[in-house]
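> Going by the numbering used here, the sequence shown opens with residue 227, and the numbers climb by one from there.
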Amino acid sequence: MSCQSNSTNNKDLSCLRCRKKKAKCSKTRPSCTRCLRSNQPCEYPDAPPNLTDLSQKVLTLYDSLRELEGEFLVKYMQNMEPELSEEESVDATPTIDTTQEEHITIEEPAGWSMSFGSSGLCLQAVTRNLFEYRIFIKSISQQLIKGFGMNYLPKLWDPDAEGYHSEEDIEEELDEDEYLVKIPAVPISQLLKSMEIEAAIKKDKMNDRVIQRFLQLHLPHMIQHVESREFNKENGKYDHLVTIMQHLVPLLKERRLPKEVYELCMITSYIVSIQLLAKPTMTSSEVITPAPLPFSIWQDCINYLCLEMIELVLKKADKIPHKPVCLCLLLLAWYQVDINKTRNDVLIDLGIRLLYEDCDTSSELKVMMIHLDMYSSIFQSRTSCALELWSTIDRKDQFRETGSIVMLYKAIRLLYSTTQLEEERKIDVDEILTMIKEVEIQEQQGQVNMIHWVTKLLLFRPFTLINQEEQTLTKTTFLDMSLVAADRLSICLGREQMSDYWIRTSKYLIEDVGCRIKEIFIQDQQVIKQVDSILNKIML
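(1) Could you pull out every residue in the same chain whose Cβ sits closer than 7 Å to the Cβ of N693, ignoring the five residues on either side in sequence?
(2) What's the C-alpha gap between F605 and Y727?
(3) Give the secondary structure of P385 by DSSP, where H, G and I count as helix, E and B as strand, and everything else as coil.
(4) Would you list, in sequence order, the uninterrupted alpha helix (DSSP H) runs of no fewer than 4 residues that lie entirely inside the stretch 461–545?
(5) Does the distance from the CB of G740 to the CB of V757 come in under 8 Å?
(6) Using only alpha-carbon positions, find the residue among K545, L761, R687, P550 that is nearest to G577.
(7) Please work out which residues of its chain come closer than 6 Å, Cβ to Cβ, to E453, disregarding the five sequence neighbours upstream and downstream, and give them in chain order.
(8) Report the residue from Y359, M661, I658, I523 whose alpha carbon sits nearest the alpha carbon of Q438.
(9) Evaluate T731 with the Cβ neighbour count: other Cβ atoms within 10 Å of its Cβ, from every protein chain shown; 16 or more gives buried, anything less gives exposed.
(10) For M535 and C554, which I take to be in contact (beta-carbon distance under 8 Å), what is that distance rounded to the nearest angstrom?
(11) Along the alpha helix (DSSP H) that carries C554, what are the first and last residues, could you check?
(12) Since V352 and S264 are thought to touch, with beta carbons under 8 Å apart, how far apart are those beta carbons, to the nearest angstrom?
(13) Hey, how far is the Cα of C268 from the Cα of A411?
(14) Buried or exposed for M676, going by 16 or more other Cβ atoms inside 10 Å?
(15) Going by Cα to Cα distance, which pick from K682, L659, R569, D564 is closest to L715?
(16) Quick one: grab the DSSP three-state call for L349.
(17) Among R360, K250, Q266, which residue has its Cα nearest to the Cα of P256?
(18) Less than 6 Å between C-beta atoms, sequence neighbours within five positions excluded: which residues of the same chain meet that for D750?
(19) Measure the beta-carbon distance from I565 to M600 and round it to whole angstroms, keeping in mind my assumption that it falls under 8 Å.
(20) Quick one: grab the DSSP three-state call for P256.
(21) With respect to the alpha helix (DSSP H) encompassing L580, which residues constitute its N-terminal and C-terminal limits?
(22) Quick one: residues in its chain with C-beta nearer than 8 Å to the C-beta of K755, no 5 flanking neighbours on either side, listed in chain order?
(23) Please say whether I743 and L719 have beta carbons closer to each other than 8 Å?
(24) Considering only their Cβ atoms, is the gap separating M595 from A612 smaller than 8 Å?
(25) Once the 5 residues before and after L239 are set aside, which same chain residues still bring their CB inside 6 Å of it?
(26) Since K682 sits in a beta bridge, which residues does DSSP pair it with?
(27) Taking the C-alpha atoms as reference points, what is the distance between W383 and V539?
(28) From L634 to R435, what distance separates their C-alpha atoms?
(29) Would you list the residues sitting across from P413 in a DSSP beta bridge?
(30) Taking only three categories from DSSP, how would you classify I748?
(31) Find out if the Cβ-Cβ distance for the pair I409, L349 is shorter than 8 Å.
(32) In this structure, does DSSP put V674 in helix, strand or coil?
(33) Buried or exposed for A504, please, with buried defined as at least 16 other CB atoms from any protein chain shown within 10 angstroms of its CB.
(34) Tell whether a beta-carbon distance below 8 Å holds between Y488 and I528.
(35) Which one of K248, Q671, L490, L441 has the shortest CA to CA distance from I546?
(36) Kindly identify the DSSP beta-bridge partner or partners of K408.
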């Protein structure tokens, strides 16, 4: 009976190494998890009592042997270093016979694991000397060649193995004669990059599905809102959008457009209506707009609509009605300009392409596209794509604002644009005189607005180089004209409702011309007083 009890108690004992380290032992036979992972001999104290002391002596001798082996390796490596450097310098072939080493086989790969740190993923293994380190490297090389198949992985990588999921084995203290070797495998930058790409793709797909579902859910309300609202000009900074809506909404009310075109145009019209053309009060016949949603939601919807519209035009340009599509492209592009302060070249280029292909398109629609293209080109430092389109329109006198902006674009291209290959260029005087004549004709026909006076200021202001030295000898030749243009422009600032771009541009030009005139006529108090009066107007 006592023998049986003794046997049971012995089986519950930890191995000698775990007992020595006071660590929890898996008690698996013939080798516990810790010893197997560290490539250490595993012995259990379940031998007869007279052999226990012998086992302890063996362990002591084993430790002493390790210490001696370490000292020997240090001396051996010190002796080898001069020989190795000599061989490397003369690039001599090794004279040591390595045939025996090539036949060394590893019955089981060296125990190793992977860890994640600040530098990324690393392979790590516990070694005690150079020989074990070389075995570990050779084992890893074999596993890389074999693709890390199950036959070439350490036993502890088997999920079914006992002790695989043991939490106590996560942090194991090393013995005094053990060294933890870490080999970088995957840098953290690469891990983060792949994670970001995967997350971005997943997010885009999810966003598209969510946005599509959101728009379809609210489409009935959008239709009711757009069809019941009246869009009238109020001399505001978004009158150009009202003009587009006045052309698009009647087409939507007819409900004869293809389903895909109708939905894209309707959703775009709704977003522009509540975001840019929101009214403080509405008539009883109009639908009351619910509380506006966060801006980010509408921005995501606009981005989605832009991609859908681009794909629609590229795939079905010859099968879709061009007028509503161009109007929708105008709304989307203006939203980007007015809200995001950016120019969407793709939307504008597609709209111009459709207008070139359709000979039946009205001149008014072409003018809308030209206005958008010129405006965004001027304030985004881009090259206009629609200048040739303007020459195809017959009755240009009906489109005062667009005619003015085209003239402004020409003045900027003529006097203030240079290519990267030229620091300065000569300007033909005849071109300047022709442009001045065209500007004067516009003024005689009553086509006078803020843009007109901005153009005159740019034509008549004294030219200078970057270092503020006079570039021309005109000095006072056009000085009176520029002063009159600055005065008229300051008056327009208080009367016309224009976008922030125009307001900032006008104020900057007035200040610029005023400073130049004051520098030239520093002794003329009457001129100084006149300039100060103009500058005071724009400060109010």
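Every residue gets a Cβ at the ideal spot worked out from N, C-alpha and C, and that includes glycine.
Once the coordinates are examined:
(1) Unreliable positioning characterises N693 in this predicted model, as indicated by a pLDDT of 48, which lies under 50. The coordinate reading is nonetheless provided below. There are no such residues.
(2) Rounded to whole angstroms, F605 to Y727 spans 7 Å at the Cα level.
(3) Per-residue confidence for P385 stands at a pLDDT of 47, beneath the threshold of 50, marking its modelled position as unreliable; the derived number appears in the next sentence. Three-state result, P385: coil.
(4) If you keep only unbroken alpha helix (DSSP H) runs of at least 4 residues inside the stretch 461–545, you get 465–480, 485–501, 521–542.
(5) Taking C-beta atoms as the reference points, G740 and V757 count as a pair closer than 8 Å.
(6) Ranking K545, L761, R687, P550 by Cα distance to G577 puts P550 first.
(7) Closer than 6 Å at Cβ, skipping near neighbours: K479.
(8) For Q438, the nearest C-alpha among the options comes from I523.
(9) Burial check for T731: the Cβ neighbour count within 10 Å reaches 16 or more, so the residue is buried.
(10) Their Cβ separation, rounded to whole angstroms, is 6 Å, which keeps M535 and C554 in contact under 8 Å.
(11) 548–564 is the span of the alpha helix (DSSP H), which, as asked, contains C554.
(12) Between the beta-carbon of V352 and that of S264 there is about 5 Å, and that keeps the pair under the 8 Å contact cut.
(13) The alpha-carbon atoms of C268 and A411 are separated by roughly 31 Å.
(14) M676 should be labelled buried.
(15) Nearest C-alpha to L715: K682.
(16) In this structure, L349 counts as strand in the three-state DSSP scheme.
(17) Among R360, K250, Q266, the Cα nearest to that of P256 is on Q266.
(18) If we look at D750 and ignore the five residues flanking it on each side, it has no Cβ neighbours.
(19) Their Cβ separation, rounded to whole angstroms, is 19 Å, which puts I565 and M600 out of contact at 8 Å.
(20) Residue state, collapsed to three classes: coil.
(21) For L580, the enclosing alpha helix (DSSP H) begins and ends at 571–583.
(22) For K755, where only same-chain residues beyond five positions count, there are no Cβ hits under 8 Å.
(23) No, they are not a contact pair.
(24) Yes. Within cutoff.
(25) Contacts found: P271.
(26) According to DSSP, K682 bridges with nothing at all.
(27) Below a pLDDT of 50, predicted positions are generally treated as unreliable, and W383, at 48, falls in that range; no measurement from the model is reported.
(28) Taking the straight line from one Cα to the other gives about 44 Å.
(29) Residue pairing for P413: DSSP places it in a beta bridge opposite G346.
(30) Three-state DSSP puts I748 in coil, outside helix and strand.
(31) Contact: yes.
(32) The answer is coil: DSSP assigns V674 none of H, G, I, E or B.
(33) Exposed, because fewer than 16 other Cβ atoms sit within 10 Å of the Cβ of A504.
(34) Result no, Cβ atoms of Y488 and I528 do not sit closer than 8 Å.
(35) Taking only the C-alpha atoms, the option nearest I546 is L490.
(36) Answer is Q350, bridged to K408.
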